[in-house]
Amino acid sequence: MNTQNLKIESRTEKLSFVREFISDAARKFGFDDESVSKIALAVDEACTNIIKHAYELRPNNLINIEVITNKRLFEVVITHQGKLFDPKLFKSPDMKEYILHPRRGGLGIHLMRLLMDNVEYKTLPDQRCEVHLIKKLPTSIGQQ
Amino acid sequence: MSSFRIDIREMQNINVLDLKGYLDAHTAPDLEKVFQNLMEVKKFNIVVNCKDLNYISSAGLGVFMAYIEDVRKNNGDIKLSNMSPKVYNIFDLLGFPLLYDITSDEADAIKKFTASRK
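Residue numbers (the numbering used here), protein chains in the order written: chain S, 11 to 154; chain B, 117 to 234.
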């Protein structure tokens with residue numbers, strides 16, 4: 011098991027650092043360019059949601075981003091101390107309906123689910139919240 | 117630090133927006149302002165040239181989603197052109213080619229506007 015860590019303030023201007031950090035880690039783990047882009051976008055969406063909804067755009071709060079790699083699993087754990095998000099309350103939009111009646115919002119979590127193999131939300135006993143984004147390296151790609 | 121830039125060209129009553137760089141939650145408000153201004157001056161024929169757009173997240177998509185209905189109610193459209201495969205893949209993943217007119221070339225998007233006026 012291998013871990014890498016990045017701490018950012020809850021500001022949207024930090025998203026580009028997050029994408030660079032994640033892309034670099036995913037590429038080194040052995041993902042192809044398409045998967046690297048997907049993982050970076052999913053992590054961007056998770057951090058954007060935390061900045062906008064958990065911290066309600068209050069800057070100077072912390073978001074911790076940890077990459078944990080184990081065998082063929084690439085897991086990104088994003089931890090914050092903002093408002094709790096209950097994923098059970100969020101149903102992925104019916105895209106046919108969404109296209110008929112376009113609106114802003116609701117796409118981020120849907121995208122995360124489409125881009126990753128697994129997305130999980132956890133609340134820790136000390137009230138910290140975690141978002142886990144997991145993607146498996148395909149067996150056709152050799153790990154470096 | 118990634119950057120984002122919008123250049124606007126007006127041609128034959130069509131506004132072409134050239135997007136460059138990274139469109140995320142940090143830079144989407146810049147695009148939002150441009151769309152707000154276009155709505156205020158009643159410019160509803162819009163082509164978004166994505167040739168130099170490297171990245172789009174849901175915050176950027178949300179701007180197009182927020183204005184597409186208003187624009188179409190006013191007999192206009194937001195047509196998107198010259199997308200890189202990477203950016204197109206995100207639209208495709210969400211089924212947006214059904215919602216937006218996406219052309220490979222800016223000239224085709226402009227032609228469609230001029231043809232629909234005839």
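Beta carbons are placed, not taken as given, at the ideal position from N, Cα and C, and that holds for glycine.
Values in this document were obtained by computation on a predicted structure and should not be read as measured data.
Discussion item. Measuring CB atoms only, is the region 20-40 of chain S touching the region 102-117 of chain S, in the sense that at least three cross pairs come out at less than 8 angstroms?
Written reply: no
Worksheet item: In its own chain, which residues sit with a C-beta less than 6 angstroms from the C-beta of residue 52/S, not counting the 5 before and 5 after it?
Response: 122, 125, 126, 143
Discussion item. 8 angstroms is my cut-off, CB to CB: does residue 141/S come that close to chain B?
Written reply: no
Worksheet item: Taking the DSSP output, what are the residues bridged to residue 59/S?
Response: Answer is none; residue 59/S lacks a bridge partner.
Worksheet item: Of all Cβ atoms in chain B, is any one closer than 8 angstroms to the Cβ of residue 117/S?
Response: yes
Worksheet item: Between residue 134/S and residue 162/B, what straight-line distance do the alpha-carbon atoms span, to the nearest angstrom?
Response: 47 angstroms
Discussion item. If you reduce the DSSP assignment to three classes, tell me which class residue 142/S lands in.
Written reply: strand
Item to complete: Could you check what DSSP says for residue 140/B in three-state terms: helix, strand or coil?
Response: coil
Discussion item. Are there any heavy atoms of the ligand GTP lying less than 7 angstroms away from the beta-carbon of residue 176/B, as far as the coordinates show?
Written reply: No copy of the ligand GTP appears in this structure; indeed no ligand is present at all.
Practice prompt. Could you say if the region 200-211 of chain B and the region 169-180 of chain B meet the contact criterion of at least three C-beta pairs nearer than 8 angstroms?
Written response: yes
Worksheet item: Hey, out of 140/B, 122/B, 129/B, whose CA is closest to residue 227/B's CA?
Response: 129/B
Item to complete: Can you pull the chain S residues whose beta carbon is under 7 angstroms from the beta carbon of residue 185/B, in chain order?
Response: 112
Worksheet item: Taking any Cβ of chain S, which residues in the region 127-141 of chain B have a Cβ under 7 angstroms from it, in chain order?
Response: 138, 140, 141
Worksheet item: Beta carbon of residue 160/B, beta carbon of residue 191/B: below 8 angstroms?
Response: yes
Item to complete: Using three-state DSSP, classify residue 11/S as helix, strand or coil.
Response: coil
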